[in-house]
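Going down the list, the protein sequences come from chains C and S. Its first residue numbered 483, the first sequence is counted upward by one per residue in my numbering. Its first residue numbered 690, the second sequence is counted upward by one per residue in my numbering. Here a beta-carbon is modelled for each residue, glycine too, at the ideal position from N, C-alpha and C. The structure appears below as structure tokens.
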Amino acid sequence: MAEASATFSESWYRVANLRISLRSSVAARRQTFRGERWIVLQNPLRNQYFRLRPAAYEFVARLRPDRTVEEVWKECLDRSPDDTPGQEAVIQLLAQLYHANLLQYDFPADAAQLFNRYQKARQRELQSRLLNIMFARFPLLDPDAFLARTLPWVGKLISLWGALIWLVVVGAGLKVVADHFPALRNQAQGIIDPGNLILLYAGLVLLKSAHEFGHAYFCRRFGGEVHAMGILLMVFTPIPYMDATSAWGFRERWKRVLVGAAGMIVELFFAAIAALVWANTGQGTLHGLAYNMMFIASVSTILFNLNPLLRFDGYYILSDLVGIPNLSQRANAQLRHAAERRLFGLKKEPPPAQTWSEAFWLSAYGIASGIYRIIVFGGILLIVADRFLLIGILMAAACAAAWVARPVIRLAGYLASSPKLERHRLRACFVTAILVLGTLGFLQFVPLPHHFRAPGILRSLEWGQVHNWTAGTVTRLVAQPGQLVEAGAPLLEMANRELDLEIMRVRAHRDEIRARQRQALQEAIPNLKPLESLLDAADQALRKLEADKAGLTVRATQTGIWVGRDLEMLAGSWLAKGAPLGLLVNPSGFRFEAIVRQEDVDRLFTQEFPGAEVRLHGQSGQVLQVSELEIIPGDRRNLPSAALGWLAGGPVATSPNDPDGTEAAEPFFEVHAKVLEPASAVLLHGRAGKIRFDLPGEPLLPLWIRSLRQLLQQRYQL
Amino acid sequence: MTSLGYQSVDFHRPKPALKGLDAIVDGWAGICRRRGRLLAAIQQQAEEIDALAPALQHLSDRHLQERLFEYREAFRRGNRERMNAVLLPAIAALREAADRQVGMRPFLVQLMGALALQRGCLAEMSTGEGKTLTASLVAVLWAWTRKPCHIITVNDYLVQRDAEWFGPLYRFCGIHAGFVTGAMPPDERRKAYGCDVTYATSKEVAADFLRDCLQVGLLRNPTRRLIRKLLQPELESQRPLVMRGLHGAIVDEADSILIDEAVTPLIISARQKNDILREAVQAAREIADSLRPPHDYTVSHRFREVEFTPEGTTRLESLCLPLPGIWRGPDRRVELAKQALVAREFYRLGKQYIVADGRVVIVDEFTGRPMPQRTWREGMHQAIEAKEGLEITDPNETIARISFQRYFRLYYRLAGMTGTAREAAGEFWHIYRLPVLGIPPHRPCIRTQYPDRMHPTDEAKWDAVLDEIVRVHSIGQPVLVGTRSVAASEILAARIAACGLEFKLLNAVRHQEEATIVAMAGERGRITIATNMAGRGTDIRLGHGVAQLGGLHVIATERHESRRVDRQLFGRSARQGDPGSAVAILSVQDEILRRFLPRPLHQQVCRAVSSCLPGAQWMARAALSAAQRNAQRAAAKLRRNVLRIDDWMDQSLSFGGSETGDMRMSAD
């Protein structure tokens, strides 16, 4: 209906002579929202609420079965000519009261009409249930009698003493958690193991039951009634819920807030007890259950309940605290109003917010909750779809219907036939079309610079491991570690008594052969030949041994900085052959070896050389420029360094079967980038870091489509 | 009434109009109903009926009547199969009876029309094709089923004429026919509604229905009423009800009643003393006198509203300081002042209303007729009285109210006839579930339709109209000039008078002789000026020798918002195979273009026409039809909205007893 401000209405005759009044069971309470007075009417039978302005209530309260609407209206008009709602407004008000079942009238209602209404309500309920498939509610029973009977005992806890006990227990729980934090974190990794799911769910049901009873008892304690209890299918997980909406009728704000927070209060209390249990039990079911309860309480409280951006407890608490009921709807209305006013030029519409600050809060809330909602639901969707493909697709379809198709259809309907736009339709359609086309065009055609990052490791262009080629005892360190050494310069001296003895032995043996040679020359010429070959063999052995001996002095294979490890400790110790002694790193040039995922690599292949820059862990402020890129064609599995793998705390997933932690779980591509020498930074060989590839501009839409397809391909092999 | 039986007086409860996707799909269904083989099937049936004629011609009156009574039995039992079996012979017999009793033999196309009506369609039949006769045939069939049948025509004159004209036919067929006119007392009305067939105007039936609803009042349940009557006989002061429920209605000129007047509410009201309002409008007029545009307020002709400027608002505030309480609140103050300004800016003497006997009488914009019964909504009527300086009457307090749109949806069985329905076929289907069926004319139409002529200014237009009249008059051809408003007809009359030509002027102020003047408009050399719809439904017969001159020449001086009304005016000439011609002489300053074209476009058109660019005429015609489309769409939307709001009210205020709620009751 159009807004009603007219003093006189053509339809007045339909209500003028009625004798109606509010139902006798309707309770009215005064509430204050943002400094304005409102009257809240409550229908206790169906737990429905209706909010009125005082002026409207003035009128409604005067309605009596022995007077006609017209008489009452005239009386109101006499008393306060300016505040009294106009005839249009009265008609709408009465219609709304009738819809809220708050009116009493003295002749039989139109049965067909009532039945129609009931059916429509049912239809709407079903529709909203389908659209809100992630949070469908199914009421089952009425817990009020039970609550009333148990309240004398439980209600005692809802008091100052209860608060003290709560503080003590929660405090103790917090302390336990702080003390055992590392263990706590360790256990978190196994939380979604299939084996734990049953415990997780058991914990969830226990805790949520406690949560809901918390709402219910608090509500009952302050005089509200709780008439519905049932099952809420939260992301297809059945958990209990209770309907404590009668708290909305409370006059004091703190009571409403407390009922809203009751769930979390109780939940935290039980979580604290669970923490105590967890800390004082060994492995076992109880221990596991306690752990799960703690986990759920913290995650659900932070992510959902306390968070006002979704419509859970935190939302109602916030809306009560800031004094804006129906915060979410009004935030949306405010945003729409802003769009209508600024974009479509509807200057005459009254804004939903009365003050600037309210407008600000509403807009901020609307935007923040929209974004947050998309993130949370998107996340849930991905997690669910990961586990159950079919359900994931169904949910995605439901979400697409609720958040994409419906708004689009509504927008179209609004543009086509909203009476509000009557005079601005052309402009509205034009602006909307421009916005949509502009956005699409921007996404499709305007190339935006974008980049991606890949982990990797810094390496010298020339580097080499230093090994000793001969076993021996270290006698002297010739070159100090960290010193720049020329190729061939000695690094380390070793001694090997055995080798010396062996050389002496072989020499003696050679001397013997020579002696026998000379002897044979005189005595038996035919023996000369074999002796010669023996001598050759001895010579050879000697040469080898002497080479080995030379090898006792380890020399630099190349020019570079001599980086040894624990070399000082080595003096006097025995080194087996081929032990790694350290590295020789040429500091004149470095390159960055990056691990690029397969999804990203084609962007590198297909593009011209992109810009790139490297940041090393620990010195992120320092940006290293890169001069040339070399992509190693052909995928690889072995990481250049274990430091990049999961096992060593790096970013790349490694194969669980590989004890060294150098085999990546998925094949990757290696990209080498030559790092330009910076003026100030010290480059160290083997340092891990990230490289950022700045790709030439690409419009967003194709990029997103590609990402989505990659995601689908990767996750579902579609 | 003679029977004391438990007779239920009830009516159909229509479903709310469909919305959104449903409405679109339903619209397609309606198109399917209109197209397709229905017309072909009806034509074939009509030919079958025609083939039965020779066998009936030799029957004596008595035998013919016996036959008719046999058929009546079949219809009385209400057995659908038997009814269908005898339908064609029954119509054939009725045709024969009509020939003998009234002296009119239905043509083939009239039989087709009757078949279409029988199927609950809206038959589009050209004017002068004998729609009245067609309706009477179907009325007999419907009356035979023992359910009351209403035939709705446009005015009391036609009601009485038709009822008396076809009386012999009805009597011959064994049914009673009655009629209701405005001046009848309730007893006579009850007698008339007690007949099988009742002729009435839409206003009368709707008013009687409303009065009955009020009679029944709160006790709608028949059993409860009976109990109340038994328990408290002394309280029983009720007059008996007048109607017997809404069963079948055949609406003549359906487009005018069901579309043009659809949202006109029929109101039962009583005058209520309201001094506050009277004082308020007086004060409002005085305030309005001291406000001037554009300094104090801006005027939007497009949306017919005024808007205060900030200066105007402050001025208004200072003006209101010495006034009583009702002026103290800012909203109410602005509302009242705006009403006075709207009365001054948009309501024109001679166009929207005339002043007769010191009273403001509303002039119907469609027909140009004064409507003494009608008043504008709360306050506006008084504001206009204040503007004209007349004595301010007390406002009417509405007691019950129904729009024709809602009223006709209440009939179980609705059928209609009109000359022009095609343009609104979608709406007929959507709101009344009536598929429109175009019945071909009896003789092909040979009207010469000249293309519209566009002139840059009103002045040029009137000059051209005068030239055209003089030109045509000089050959002796009769001319009928249609104007949109009473004021326009007066302007033209003054010009023609200045030329010294003799003419007849037909407008709201002289409506008594309407029918006779229009009927004479076909005489040789006659010049008639009429508002668009004056004398609708009256045949213009050509005078002696006029056919050789080219028949009646119709000149339209302004296009109407609805194309149908244009067609009706043009349809005045070239009836039933006569020759005739029609032309529209227009100006780009006409209201329809100004109101329904986007302003930049309108300016372009004006510029093009006044500089006589090549193609300007063509462009102006295109712009005109665009404007007409816009206007029609806006009007249809308005009617749909009214229906939607009515539905909403019914649902939301059903605690007050839906005013057309369940009205089953016993009547004695």
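Assuming residue i and residue j are in contact, meaning their beta carbons sit under 8 Å apart, how far apart are those beta carbons, in whole angstroms?
i, j, result
"S/L1194", "S/I1218", "5 Å"
"C/Q530", "C/N583", "6 Å"
"S/I1051", "S/W1065", "7 Å"
"S/A735", "S/M793", "In fact, because the Cβ distance is near 16 Å, the residues do not count as touching under 8 Å."
"S/A931", "S/D897", "Position check: residue 931 of chain S holds Val in this sequence, whereas Ala was assumed. Going by Cβ atoms, the distance from S/V931 to S/D897 rounds to 5 Å, so yes, they are a contact pair."
"C/E975", "C/Q1040", "Not really, about 19 Å apart at Cβ, beyond 8 Å."
"C/Q947", "C/L1098", "Contact doesn't hold; Cβ gap of about 22 Å is too wide."
"C/A1038", "C/G970", "6 Å"
Checking contacts by CB at 8 Å: is residue i closer than that to chain S?
i, result
"C/H906", "no"
"C/Y495", "yes"
"C/H581", "yes"
"C/A577", "yes"
"C/F490", "yes"
"C/P563", "yes"
"C/V508", "no"
According to the Cβ coordinates, are residue i and residue j closer than 8 Å?
i, j, result
"C/V967", "C/L1057", "no"
"C/A1029", "C/G938", "no"
"S/T1107", "S/E893", "no"
"S/Y888", "S/F861", "no"
"S/V1419", "S/V1170", "The structure shown does not extend to residue 1419 of chain S, since chain S is modelled only from 690 to 1357, so the question has no answer here."
"C/D1082", "C/F934", "yes"
"S/A872", "S/F855", "no"
"C/Y699", "C/L646", "no"
"S/A824", "S/L804", "no"
"S/V970", "S/E1034", "no"
With a threshold of 8 Å between beta carbons, is residue i in contact with chain C?
i, result
"S/S1341", "yes"
"S/G856", "no"
"S/A1089", "yes"
"S/G1068", "yes"
"S/F992", "yes"
"S/R1098", "no"
"S/G1001", "no"
"S/E1024", "yes"
"S/M1359", "The structure shown does not extend to residue 1359 of chain S, since chain S spans only 690 to 1357, so no value can be given for it."
"S/M1106", "no"
"S/M1338", "yes"
"S/G1260", "no"
"S/G1358", "A query on residue 1358 of chain S cannot be resolved here, the shown segment of chain S reaching from 690 to 1357 and no further."
"S/G1018", "yes"
Considering only DSSP beta bridges, list what residue i is partnered with.
i, result
"C/N1120", "C/E1145"
"C/V1153", "C/A1076 and C/I1113"
"S/K1040", "Its beta-bridge partners do not exist; DSSP assigns none."
"C/Y587", "C/I502"
"S/I1135", "S/P1268"
"C/I713", "C/F620 and C/P722"
Subject >> Inter-stretch contact (C-beta, 8 Å, three-pair minimum) for the stretch 937-955 of chain S and the stretch 1088-1102 of chain S >> reply: yes
query = When the Cβ atoms of the stretch 1252-1263 of chain S are set against those of the stretch 1108-1121 of chain S, are three or more pairs found closer than 8 Å?
reply = yes
Do the stretch 1258-1267 of chain S and the stretch 1233-1241 of chain S touch if we need at least three Cβ pairs shorter than 8 Å?
With the cut-off at 8 Å, the stretch 1258-1267 of chain S and the stretch 1233-1241 of chain S touch.
Worksheet item: Does the stretch 895-906 of chain C come close enough to the stretch 1131-1139 of chain C that 3 or more CB-CB pairs lie under 8 Å?
Response: no
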